[in-house]
Amino acid sequence: MDSIPFGVSRLDSIIGGGAPPGTVVLLVGEPGAGAREFAYTSAAMNALAHADEELFDLHYGSLHDDAAVPPEIHYLSFTDGEAAIRREMAYVLEDEFLDAAVEHVRFHDLGPEYFQLSPIPREWYMGEATTLQDLGESHNRDSVLTALGGVLSENAPNNLVVIDSVTDLVSSVSDEVEWSDVAMLMRGLGKASHEWGGLVLALASRQTLERTELGHLVDAADGTLQFEWETGGSKRARTLVVQEFRGVLSRLEEENIVRFETEIHESGFDVTDVRKIR
Numbered sequence: 001m002d003s004i005p006f007g008v009s010r011l012d013s014i015i016g017g018g019a020p021p022g023t024v025v026l027l028v029g030e031p032g033a034g035a036r037e038f039a040y041t042s043a044a045m046n047a048l049a050h051a052d053e054e055l056f057d058l059h060y061g062s063l064h065d066d067a068a069v070p071p072e073i074h075y076l077s078f079t080d081g082e083a084a085i086r087r088e089m090a091y092v093l094e095d096e097f098l099d100a101a102v103e104h105v106r107f108h109d110l111g112p113e114y115f116q117l118s119p120i121p122r123e124w125y126m127g128e129a130t131t132l133q134d135l136g137e138s139h140n141r142d143s144v145l146t147a148l149g150g151v152l153s154e155n156a157p158n159n160l161v162v163i164d165s166v167t168d169l170v171s172s173v174s175d176e177v178e179w180s181d182v183a184m185l186m187r188g189l190g191k192a193s194h195e196w197g198g199l200v201l202a203l204a205s206r207q208t209l210e211r212t213e214l215g216h217l218v219d220a221a222d223g224t225l226q227f228e229w230e231t232g233g234s235k236r237a238r239t240l241v242v243q244e245f246r247g248v249l250s251r252l253e254e255e256n257i258v259r260f261e262t263e264i265h266e267s268g269f270d271v272t273d274v275r276k277i278r
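1 is the number of the first residue of the sequence shown in my numbering; add one for each residue after it.
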C-alpha cells in the first residue's frame, strides 16, 4: 500500500490517500480543538471499513486508489480502560457507526503499569484492593515504558496504533521515568515504525508541554498536526495546520494550502474548508 487513510475523507483525498506507511504522526492540540476527536475518528473509521462496508461508504466514501485500510486497529491508553474510551467516543460519533466500529478496535489499558508506583489506591485503576502479596510482587512489574514497548512491538507492524497520550508519559516523569527516556522512546518509535510499515498516531497536549519538550517530540515524529482554536469576532473555530510531514507537506505546499477549517459532527472529525495563499 502507498498510504494508510487517516479516516478523515476530505483530508485523505487532498494528501493522496492518507499517511505514508511507516510513519509516526504527532497530534498536538489545544484543549477541545479536535486532536482527540481526530484520533477517535481515525481509529473508528478504519475499523468501520472492516465492520460494515455500507456504513463506511456512507460516512467516508471511497478510498483513494493508492490507499489501503490497515489489517488491525489498536488503541493504547495509560489512564482509561475500554469502557471509558468507548463512552468518550460516543460523544463524538453516531451510535450505529460507533457500535459497528468498536468491535474491530483492540483496546490496551496500560493503567496498571502507569499507576503502580503512584500513591493512587489500587482499586481505583484495578478494581480491587491492594493485598500484601501485591506489595511483595510490585517490584517485579514492568515499567510503563517497557510495557508500552512490548505492546507496540507485538501490534504495531502494518497496523494503525493510537497512543493516548504522550503527555501522560511526560507527566509521569519521576525517579523511575526521566524526560530523556520519553524523548528517546519517541526517537526509537520513529526508527522502528519505518520497519513496521504501519501508522502510529501519538496524542499530545500543547498546554502541558514545555516548549523544548514539544520541540523534541516534533523533531522525533515524521509528521505533526496542530489543532488550534481561532477566534474571529464572537465565534471560535477549530483549525488544523500541518506543521511538518515528510511526504505530505510538499503536496500541500504545491496547492498553497496553509490551514484547514474543521468541525465535529456525527461522522466524527471532518475538514470543512481549506485556506490557501492568495
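The C-beta atom is built at its ideal place from N, Cα and C for all residues, glycine as well. Remember, predicted model here, so these are calculated numbers, not experimental data.
Below 8 Å on the Cβ atoms is my guess for G34 versus L201; work out the distance and round it to an integer in Å. Not confirmed; about 13 Å, so no contact.
Are the CB atoms of F269 and V24 within a distance shorter than 7 Å? Going by C-beta atoms, V24 is not nearer than 7 Å to F269.
Rounded to the nearest angstrom, how far is the Cβ of D66 from that of D2, given a contact under 8 Å? Yes, they are in contact, since the Cβ atoms of D66 and D2 sit about 4 Å apart, within 8 Å.
M89 and L98 - do their beta-carbons sit closer together than 7 Å? With contacts defined as CB atoms closer than 7 Å, L98 and M89 qualify as a contacting pair.
Helix, strand or coil: which one does DSSP assign to I14? In this structure, I14 counts as helix in the three-state DSSP scheme.
Determine, using beta-carbon pairs with one atom in the region 186-202 and one in the region 161-168, whether at least three such pairs fall under 8 Å. Because the criterion of three Cβ pairs below 8 Å is met, the region 186-202 and the region 161-168 touch.
Classification of V182 by the beta-carbon crowding that lies within 10 angstroms, buried from 16 upward: By the neighbour-count rule (16 or more Cβ atoms within 10 Å), V182 is buried.
Would you kindly work out how many angstroms separate the C-alpha atoms of V248 and Q116, rounded to a whole number? Using only the alpha carbons, I get a separation of about 40 Å.
Can you grab the Cα-Cα spacing for the pair D109 / I277, in whole Å? In a straight line, the C-alpha of D109 is about 43 Å away from that of I277.
Measuring CA to CA, which of E96, L160, E213 is closest to P71? When each option's Cα is compared against that of P71, the closest is L160.
Best match in I15, H64, S143, G198 for proximity to L252 [C-alpha to C-alpha]: The candidate whose alpha carbon is nearest that of L252 is I15.
Run of the beta strand (DSSP E) containing E263, from where it starts to where it stops: For E263, the enclosing beta strand (DSSP E) has its first and last residue at 257-265.
Going by the DSSP bridge assignment, what does L27 pair with across the sheet? According to DSSP, residue pairing for L27 in a beta bridge involves L203, L225.
In this structure, how does DSSP classify E254 when only helix, strand and coil are distinguished? Helix, per DSSP.
DSSP state of Y75 mapped onto helix, strand, coil: Annotated three-state conformation of Y75 is strand, per DSSP.
Alpha carbon to alpha carbon, how far is A19 from F227? Answer to the nearest angstrom: the Cα atoms are 17 Å apart.
Rounded straight-line distance, which links the Cα of T272 to that of T262: Straight through space, the alpha carbons of T272 and T262 are spaced by roughly 5 Å.
Cβ of A51 within 7 Å of Cβ of A101? In contact: A51 and A101 (Cβ atoms closer than 7 Å).
Residues of its chain near L132, where Cβ-Cβ distance is below 7 Å and the 5 sequence neighbours each way are ignored: In this predicted model, L132 has a pLDDT of only 42, less than 50, meaning its place in the structure is not dependable enough to derive any value.
Please give the ranges of any beta strand (DSSP E) in the region 58-119, keeping only runs that are unbroken, at least 3 residues long and fully inside the region. Whole beta strand (DSSP E) segments, 3+ residues: 73-77, 105-109.
7 Å Cβ cutoff met for S193 and G22: Taking 7 Å as the cut-off, the Cβ atoms of S193 and G22 count as close.
Would you mind working out which of E113, M186, V28 sits nearest A221, comparing C-alpha positions? Across the set E113, M186, V28, the C-alpha of M186 shows the shortest separation from the C-alpha of A221.
Is the Cβ-Cβ distance between L284 and L217 less than 7 Å? No answer is possible for residue 284: it lies beyond the span of the chain, which begins at 1 and ends at 278.
Would G223 and F245 be called neighbours here (beta carbons separated by less than 7 Å)? Cβ atoms of G223 and F245: closer than 7 Å.
What is the DSSP secondary structure of A43, reduced to helix, strand or coil? Of the three classes helix, strand and coil, the one that applies to A43 here is helix, per DSSP.
Pull up the DSSP beta-bridge partners for G232, would you. Its beta-bridge partners are K235.
Alpha carbon to alpha carbon, how far is H64 from A156? Cα-Cα distance, rounded: 23 Å.
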